[in-house]
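Please read the structure below before turning to the comments.
Residue numbers (the UniProt record's numbering): 1 to 461.
Shown next, in the form of structure tokens:
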């Protein structure tokens, strides 16, 4: 080994070997640096936004995708810079095009010309249409499944009630519905107010791409327990005191509102109201509390005022004790009838106008004996109509007659104005129906209308 080390050619050979090795190492690093600095690189950019240049005041453009994919290839440093900064723009220029359909190329702006760019898709089909605005009424809606049991929606209102919709002419003209839906937790049992987004839909309920102003409206929902108006029927109860005769019982309250389940209320035609006259001593007003029928949760109003017309006779007892004396006085006071002259009934009342025609016994009758009579020319009132409904009696034509029966004094003094005939059309829908005629009048008389049923036509105003 020492011998080789002492040989100068050996030393020269070793030096040459290391010189060649170092040359190749340095050459390889330079080539790699040169490739890194001047070689090509490729990058794929996804979801690159596309700008649209057009007359946005007078036209609307459809068909341009919001984003596209883009591939860039070129020097590595430019590729990396472009990919990180994204300081370029992709656009379609429609400013010189006319209305209608066109196929246009997606262009680039502010990107190095040393990069090769490919866009997917590189062309798009667009439609340029006239831009129009139109006002639409908002239809507020609410799912009835959100309501508490036995509750109904009385009304829904949107504020503002209209919105302005702007878009392509063909799109705006195909709008079928403009809705604002109320959302809430189940069990709503009272008025509700909330902001709701406006939705614009076509006839297939597809959402349409339009501009809505305002985009939200305030929806007010009037929600309450189910109710129904029914007429009141006054019914005399109790016995009036001695010497007191009840001539008539009336009220200015024709109907009241009942609350409760629909199946219960729809079966109620009228609300019977018992009026206790046992403590009545003279004509006047009486407040009667209304009782809830079975299944009804509430009656509104809770009470009504009743007008009672009564006659107080203080001499009844004296008359009853001395009937013979009274008859003798009457006989003395009345001159005998001339021969051939017809005798007039002493207890009768001449019928005329709207007074009942008495068909009771003739002669000297007791005021409390039974008698009957007929009243003519009574119109029939249609009660219980919902808001917006009208009712008309179509059969029979003209007024009805009323047969009355009771104490002779009450029958003789009865007039058509003391009675009201009515039918209850509560809960009825549009159309015709045969309804029973009800009578409101003095409680001391039995009244039967003729006919007992009439045909009523219900219409929506």
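Cβ coordinates follow ideal geometry from the N, Cα and C atoms, glycine included.
Item	Value
If you drop the 5 nearest sequence neighbours on each side, which residues of the same chain put their C-beta closer than 7 Å to that of residue 291?	none
Roughly how far, in whole angstroms, is the beta-carbon of residue 394 from the beta-carbon of residue 430, given that I think they are within contact range, below 8 Å?	So it is not a contact: roughly 14 Å between Cβ atoms.
With C-beta atoms as the reference, is residue 261 less than 8 Å away from residue 226?	yes
Determine the contact status of residue 246 and residue 273, defining contact as a CB-CB distance below 8 Å.	no
In angstroms, rounded to a whole number, what distance separates the CA positions of residue 155 and residue 171?	31 Å
Alpha carbon to alpha carbon, how far is residue 460 from residue 302? Give it in angstroms, no decimals.	30 Å
Can you give the Cα-Cα distance for residue 220 and residue 184, rounded to whole angstroms?	13 Å
Which same chain residues end up closer than 6 Å to residue 265 when comparing Cβ atoms and leaving out the 5 residues on each side of it in sequence?	228, 258
Among residues of its own chain, excluding the 5 on either side of residue 89, which ones have a beta-carbon nearer than 8 Å to its beta-carbon?	51, 108, 109, 110
Tell me which residue opens and which closes the alpha helix (DSSP H) that residue 410 is part of.	408–413
Among 223, 300, 237, which has the Cα closest to the Cα of residue 255?	300
In terms of alpha-carbon separation, which member of 162, 433, 416 lies closest to residue 424?	433
Give me the Cα-Cα distance between residue 192 and residue 138, rounded to the nearest whole angstrom.	17 Å
Using beta-carbon positions only, say whether residue 421 and residue 396 come within less than 8 Å of one another.	no
If residue 175 sits next to residue 230, beta carbons under 8 Å apart, how far is it from one beta carbon to the other, in whole angstroms?	Going by Cβ atoms, the distance from residue 175 to residue 230 rounds to 43 Å, so no, they are not a contact pair.
If contacts are defined as beta-carbon pairs under 8 Å, then residue 78 and residue 118 qualify, I think. What distance do you get, rounded to the angstrom?	Incorrect: roughly 16 Å between the Cβ atoms, too far for contact.
Which value, in whole angstroms, describes the spacing of the CA atoms of residue 520 and residue 204?	The requested residue 520 is not part of the displayed model; the chain covers only 1 to 461.
With DSSP collapsed to three states, give me the class of residue 417.	helix
Per DSSP, residue 126 forms a beta bridge with which residues?	102
I need the straight-line Cα distance from residue 282 to residue 237, nearest angstrom please.	16 Å
Is there contact between the stretch 120–136 and the stretch 145–155, where contact requires at least three CB pairs shorter than 8 Å?	no
Considering just the uninterrupted stretch of the beta strand (DSSP E) at residue 154, what are its terminal residues?	151–159
Which value, in whole angstroms, describes the spacing of the CA atoms of residue 16 and residue 43?	45 Å
Between which two residues does the beta strand (DSSP E) carrying residue 167 extend?	162–168
With a floor of 4 residues, list each alpha helix (DSSP H) that falls wholly inside the stretch 192–226, ordered by position along the chain.	none
Give the secondary structure of residue 40 by DSSP, where H, G and I count as helix, E and B as strand, and everything else as coil.	strand
Roughly how many angstroms lie between the CA atoms of residue 295 and residue 218, to the nearest whole one?	36 Å
Grouping DSSP H, G and I as helix and E and B as strand, with all else coil, what is residue 94?	coil
Considering residue 112, what are the terminal residues of the alpha helix (DSSP H) in which it resides?	No alpha helix (DSSP H) holds residue 112; DSSP gives it neither H nor E.
Quick check: what's the CA-CA separation for residue 313 versus residue 381?	35 Å
In terms of DSSP beta bridges, what is residue 457 paired with?	392, 432
Which whole-angstrom value describes the C-beta separation of residue 167 and residue 201, a residue pair presumed to lie in contact below a C-beta threshold of 8 Å?	With a Cβ gap of about 13 Å, residue 167 and residue 201 do not count as contacting.
On a CA-only basis, which of 178, 441, 59 is nearest residue 198? Give me that one, please.	178
I need the straight-line Cα distance from residue 304 to residue 298, nearest angstrom please.	15 Å
From residue 102 to residue 70, what does the alpha carbon distance come to, in whole angstroms?	22 Å
Whose C-beta lies closer than 6 Å to the C-beta of residue 125 among residues of the same chain, with five residues either side of it excluded?	63, 103
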